[in-house]
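Read top to bottom, the protein sequences are chains A and B.
Going letter by letter, the first sequence gives residues 1 to 307 in full-length UniProt numbering.
Going letter by letter, the second sequence gives residues 1 to 307 in full-length UniProt numbering.
All C-beta atoms in this analysis are idealised placements derived from N, C-alpha and C, irrespective of residue type, glycine included.
Given the structure is predicted, the values throughout are model-derived calculations rather than measurements.
2 protein chains.
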Amino acid sequence: MSLLVVGSVALDSVETPFGIKEEVLGGSATFFSTAASFFNPVQLVAVVGEDFPEAHVEFLRSRNVDLSGLVREKGRTFRWKGKYGWQLNEAQTLDTQLNVFQSFSPKLPEAYRNTPYVFLGNIHPQLQGQVLDQVKAPRLVAADTMNLWIQNTRAELLETLKRVNLLFVNDGEARQLTGEHNVVKAARAILGMGPSTVVIKRGEYGALLFEKEHVFACPAFPLEDVFDPTGAGDTFAGGFMGMVATAGRLDRDVLCRAMVMGSVMASFNVERFSLDRLRDLQTPELYARFNEFKRLTHFDEFPLTAQ
Amino acid sequence: MSLLVVGSVALDSVETPFGIKEEVLGGSATFFSTAASFFNPVQLVAVVGEDFPEAHVEFLRSRNVDLSGLVREKGRTFRWKGKYGWQLNEAQTLDTQLNVFQSFSPKLPEAYRNTPYVFLGNIHPQLQGQVLDQVKAPRLVAADTMNLWIQNTRAELLETLKRVNLLFVNDGEARQLTGEHNVVKAARAILGMGPSTVVIKRGEYGALLFEKEHVFACPAFPLEDVFDPTGAGDTFAGGFMGMVATAGRLDRDVLCRAMVMGSVMASFNVERFSLDRLRDLQTPELYARFNEFKRLTHFDEFPLTAQ
C-alpha cells in the first residue's frame, strides 16, 4: 500500500576519515524514499531549487518514486555540510544552508491525500502538522525529529506528537525530549506523549522498539567498514516503513521484521558515500542479509531438561 | 563439569546516583563464582586477609563454591572504591588497596588440577599464566583483562593470550589491545592473538561474540533501574561459563545460549548493590528472563512469498 514521505531533498558535502564528497545527493526524504522503494511505491513531498541536477530527479523516478509532490522553486537547493571523526556515530554539522527550504510549505497533490502510510521526515514540527492536516485517514503516521526542534520548538513538537503513532528518535534525542537518562524510562515517557510505538536508534549499537506491552531489540549489522553514516537513520526508517506498508498490518511480527529490515537497509547504506550503495543494491542482497540477522540474533530454546 | 576461577575476592565501597555502600562483598572471583554456581560446581582460587568477614565465606560456601583454594593471609583484604555517575557504563576508581593481593601467588589444590573449564579473572597476566601452568588438560580456558594490564604488561598479556581460548573484554579494551577502532576489526585482530572466541561486552548495549566463521549479538536486557553496575562483567562471564560447563560442549548453540545467560545474569546483578540481587535470585527467574530474551530478539522468517 502506498507510502508518503515529506522531508528534505538536499545536496550534501560530507567528510569522513575515508574521504570527502562535495555536493552529492542527500536529504531525509531522498534516503527514506530510496530505501522504502525496494518494497513499496513511495510518494514524495519536498522542495528543490533551480540548481538541483536533473540526474538526481531521474534517479528517484527510476526508483519508482512518485515525484508529483516534488516542487522546484526559484533559488538554490538545501545544502548540508558535515564531518565525521573515527567515532562515526555522530556528525559535526559544519554548515547548513536552508535556501529554498526556508519558505517550504508542503502541499499534497490530490492523489496523495488518501495514502494510508505517512512518514514525516525531520522537518519543523509545524510543517509536519501541515502535512497531517492534508491527509484524510492515515493508518499509520510515523515521524522523525531532531535536537533542534526538541530545543527550539518544543510546544509545536508536542502538539504534532499527539497525532503521531510511531516516533523514530536516537537515544540522545529521546533523553532530551523526556529528561529521562535511562532509555527505557525515556521510551515509556514518549509513549505517554501520543505515539503508541517508539523506535530508539543507537547507531552502531542497533535499535530498540518499545510498545506498551513489549520491547524488541535489533543489533546493528557488524560491519568492518563504515564509510559514511549520513542517511543511516532515514534509510532505517525507509526500510522499516517499506516493510510495514507492504505487509499492510501493524502486528508485532510485522514490526519486528520491520526493525530488522531497517537495520539491513541502514547497514548497506553506510558502506559507501551518499546513496551510492543503494543505487547498486539488489533485492536478493536485502533478503540474504535479513536472514543473516537471524543467524546473528537467534538462539535455541532452553532445553527442557535443564537442571 | 567443574569450573575453576581465579580472581579477586574483595571488599568494595561503591557510590552510585542511588546510594552509597561501604565495604560490601565484591571482587571478580566472587561475582563470577556466585553467578556460575547457579549451573555448576565452582572451584575458587583467591586470597583474603584476616579482616575478611566469615559471613562472606559462609555465603560462598552456601553457593556450593569449593573454597579449598581460598587462602587467608596475614594483612588486610583487597579493597576497591569506585563511583558511577548517571552514565552507569563506566566506574571511576577512587581508590585501590591491593593489600594481601600484592603478594598473591595462586596455588591450585591437587583436586583442581584436572578441572576442564577455567576462567582467569582480571588479574596480572603472569598470575593468569601461573594458574595455567598448574592445570593439566583444560578443555576451555577463558580470560578477562583490563586497561591496566593492556597498557603496563602488554608483553606478558600477549604471552598469556596465546594459551587462552576465549577472551572477555569490553569494547574500549578491545580497541586498546588491538589499535583498531572498529569493533569487528578489533575482534578479528584478537582472534589472531590466540583466542578462537572473543566476547566483546558493551555495557547497556549488550555483547558480541566473534569466532572465525560467525558472529552472535546479544542485547542487554532493557532495565528501567540500574542500581550498581559493579560486577556486571564478571557475572556475565559467570553465567556464560556456567552454561558452557554444564553443557559440556562448545558448539555454536551452546555459545549463543551462554551469551544470553551471561546477559540474563548481569541484568539481575545490576538491579541491586553488591551481590544482593544474586543472593535472592531463584533459578526459575533465570529461565524466565532467558525466555524473555527470546521474545526480545527473535523475529519470524521472511515470508517466502515476499515480493
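In the DSSP assignment, Asn152 (chain A) falls within the alpha helix (DSSP H) that extends over Asn147 to Asn152. When the Cα atoms are used, Arg279 (chain B) and Ala35 (chain B) turn out to be separated by approximately 10 Å. Interface annotation for the segment 25-49 of chain B against chain A: empty, criterion Cβ-Cβ distance under 7 Å.
In the three-state DSSP reduction, Gly239 (chain A) falls in the helix class (H, G or I). Under the Cβ criterion of 8 Å, Val215 (chain A) is counted among the residues facing chain B. Contact residues of the segment 224-242 of chain A toward chain B are Glu224, Asp225 and Val226 (C-beta to C-beta distance below 9 Å). Put simply, the CB of Thr178 (chain B) is far from chain A, with every gap to its CB atoms at 8 Å or more. In chain A, no part has a C-beta under 7 Å from the C-beta of Leu250 (chain B); the shortest such distance is about 15 Å. Arg202 (chain A) reaches chain B at Tyr205, counting residues in chain order whose Cβ is nearer than 9 Å. Pairing Leu25 (chain A) with Leu44 (chain A) gives a Cβ-Cβ distance that is not under 8 Å. Against chain A, the CB of Thr297 (chain B) has a partner CB under 8 Å away; the residue lies at that interface. Within the same chain, Cβ atoms closer than 8 Å to the Cβ of Leu223 (chain A) are found at Ser267, Val270 and Glu271, the five residues on either side in sequence being excluded.
Residue pairing by DSSP places Gln92 (chain B) opposite B:Lys83 in a beta bridge.
Straight through space, the alpha carbons of Gly82 (chain B) and Met146 (chain B) are spaced by roughly 16 Å. Around the beta carbon of Asn152 (chain A), fewer than 16 other beta carbons lie within 10 angstroms, which makes this residue exposed. A direct Cα-Cα distance of roughly 28 Å separates Lys212 (chain A) from Ser28 (chain A). The Cβ atoms of Ala10 (chain B) and Phe78 (chain B) sit closer than 8 Å to each other. Residue environment for Ala111 (chain A): exposed (fewer than 16 other C-beta atoms within 10 angstroms of its C-beta).
The alpha-carbon of Ala245 (chain B) is positioned some 15 Å away from that of Thr235 (chain B).
For Val184 (chain B), the neighbours in chain A by C-beta distance under 7 Å run, in chain order, Pro222, Leu223 and Glu224. The C-beta of Ala46 (chain B) has 16 or more other C-beta atoms within 10 Å across all chains shown, which makes the residue buried.
The three-state reading of DSSP puts Ile190 (chain A) in helix, counting H, G and I together.
For Val57 (chain B), the enclosing alpha helix (DSSP H) begins and ends at Glu54 to Ser62. Residues of chain B whose Cβ lies closer than 7 Å to the Cβ of Leu208 (chain A) are, in chain order, Pro222.
Not one beta carbon of chain B lies nearer than 8 Å to the beta carbon of Arg277 (chain A). Sorting A:Phe216, A:Val42 and A:Arg76 by C-alpha distance to the C-alpha of Ser68 (chain A) places A:Val42 at the top.
Contact with chain B is absent for Trp80 (chain A), since none of that chain's Cβ atoms lies less than 8 Å from the residue's Cβ. By the CB criterion at 8 Å, Gly262 (chain A) and Leu3 (chain A) fall outside the cutoff. Residue pairing from DSSP places Gly26 (chain B) in a beta bridge opposite B:Ala10. The beta-carbon of Asp300 (chain A) is placed less than 8 Å from the nearest beta-carbon of chain B. Secondary structure note for Val164 (chain B): it is in no alpha helix (DSSP H), with a DSSP letter that is neither H nor E.
Put simply, the CB of Val198 (chain A) is far from chain B, with every gap to its CB atoms at 8 Å or more. Membership of Lys294 (chain A) in the alpha helix (DSSP H) is indicated by the continuous run Thr283 to Thr297. From the listed residues B:Ser33, B:Phe39, B:Pro284 and B:Leu88, the smallest Cα separation to Leu275 (chain B) is found for B:Ser33.
DSSP places Gln128 (chain A) in the uninterrupted alpha helix (DSSP H) bounded by Pro125 to Gln134. According to the DSSP secondary-structure assignment, Lys21 (chain A) is paired through a beta bridge with A:Val14.
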